[in-house]
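Colleague: The structure is given below, and queries will be raised subsequently.
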Amino acid sequence: MTLVWVALAAFVASGINAFAGGGTFLTFPTLTGVAGLSEKIANMTSTIGLWPGSATSVFAAKKEFARIPRGLLVAYGLTSIVGGLTGSLLLIYTSERSFRLAVPWLLLFATGIFGFSKPIARWSGRHHGGRSLGWEVLVGIIQLAVAVYGGYFGAGIGVLMLAGLSFAGLEDIHQLNALKVLLGTLINGVAVVIFAFGRISWPIALAMAGSAAVGGFVGMKLARRVPQEKLRFAILVIGVLLTSAYFYKAYFAGA
Numbered sequence: 002m003t004l005v006w007v008a009l010a011a012f013v014a015s016g017i018n019a020f021a022g023g024g025t026f027l028t029f030p031t032l033t034g035v036a037g038l039s040e041k042i043a044n045m046t047s048t049i050g051l052w053p054g055s056a057t058s059v060f061a062a063k064k065e066f067a068r069i070p071r072g073l074l075v076a077y078g079l080t081s082i083v084g085g086l087t088g089s090l091l092l093i094y095t096s097e098r099s100f101r102l103a104v105p106w107l108l109l110f111a112t113g114i115f116g117f118s119k120p121i122a123r124w125s126g127r128h129h130g131g132r133s134l135g136w137e138v139l140v141g142i143i144q145l146a147v148a149v150y151g152g153y154f155g156a157g158i159g160v161l162m163l164a165g166l167s168f169a170g171l172e173d174i175h176q177l178n179a180l181k182v183l184l185g186t187l188i189n190g191v192a193v194v195i196f197a198f199g200r201i202s203w204p205i206a207l208a209m210a211g212s213a214a215v216g217g218f219v220g221m222k223l224a225r226r227v228p229q230e231k232l233r234f235a236i237l238v239i240g241v242l243l244t245s246a247y248f249y250k251a252y253f254a255g256a
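Here the numbering used here is used: position 145 in the sequence shown is 146, and no number is missing along the way.
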């Protein structure tokens, strides 16, 4: 039954990630609560389990890549790989206790980013830059920081990438979303390779991977049919509750 529950969580989470983001808010508590994994192992297992869903989203957005400058794809792709590698190695060498204490703050940050995603998007849309060398370097630095965070924890990176990439001078939201999906897949792909050598629960990760691949594909198909405001509100409520619960668990439960 544990495998059934985590597979179901991965399916729904990948569908959510395809058009709203915030799927980690569903898989993380499922892995720590239902599956009984530690916070650190749950984070690594979730990254591996959800990656196929991200990959199927890249396939769905492949037509958009032809309209994005090749040099921009390569530059930000390499930046994302370096950042994802750095963040995933930081997690590997973080102790279980340190990560447990960091989780509530990471969830708080991710919940805040998700909650303010629309104002962030509007602000970045009004202040976008262009394709000059200076702006591209700035976006590269922002993307590197986001990639490090993504390799370490990852919740909320979609919102952060959309805000940062809007400074690259890409006006079309479909181009921005396609680039976001690709870079997120690269970040998590590097993390998957690193985490594969850790203490992963492979039966759980594989059960998640299969359902996540289907969920990501289905999510893209249903993206325009689901009332996104209601879904975003539900995810935000879950994020607030999870943040509160993990703060209590990390800092007050043993008091």
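A virtual CB, placed ideally from N, CA and C, is assigned to each residue, including glycine.
Predicted model only: the values in this text are computed from it and were never measured.
Taking only the alpha-carbon atoms, compute the straight-line gap between leucine 91 and phenylalanine 66 and give it to the nearest angstrom.
Modeller: 31 Å
Colleague: Per DSSP, what kind of secondary structure is glycine 24 in: helix, strand or coil?
Modeller: coil
Colleague: Just how far apart, CA to CA, sit isoleucine 142 and glutamine 176?
Modeller: 20 Å
Colleague: Tell whether a beta-carbon distance below 8 Å holds between threonine 57 and alanine 214.
Modeller: In contact: threonine 57 and alanine 214 (Cβ atoms closer than 8 Å).
Colleague: Leaving out five residues before and five after proline 30 in sequence, what residues of the same chain have Cβ atoms less than 7 Å from its Cβ?
Modeller: Leu243
Colleague: Compute the beta-carbon to beta-carbon distance between alanine 251 and leucine 102, rounded to the nearest angstrom, for a pair I have assumed lies under 8 Å.
Modeller: 5 Å
Colleague: If you draw a straight line from the C-alpha of alanine 11 to the C-alpha of glycine 216, how long is it?
Modeller: If I take the Cα positions, the gap works out to 7 Å.
Colleague: Looking only at its own chain, which residues have a Cβ that is under 6 Å from the Cβ of lysine 63, when we skip the five neighbours before and after it?
Modeller: none
Colleague: Following the continuous alpha helix (DSSP H) through valine 35, name the residue where it begins and the one where it ends.
Modeller: Per DSSP, valine 35 belongs to no alpha helix (DSSP H) and is neither H nor E.
Colleague: How would you write the range of the alpha helix (DSSP H) that isoleucine 42 sits in, first residue to last?
Modeller: Residues 40 to 61.
Colleague: Decide yes or no for the touch test of the region 42 to 51 against the region 188 to 195: beta carbon pairs closer than 8 Å, at least 3 of them.
Modeller: yes
Colleague: Report the option in Asn178, Lys41, Pro70 whose CA atom is closest to the CA atom of isoleucine 93.
Modeller: Lys41
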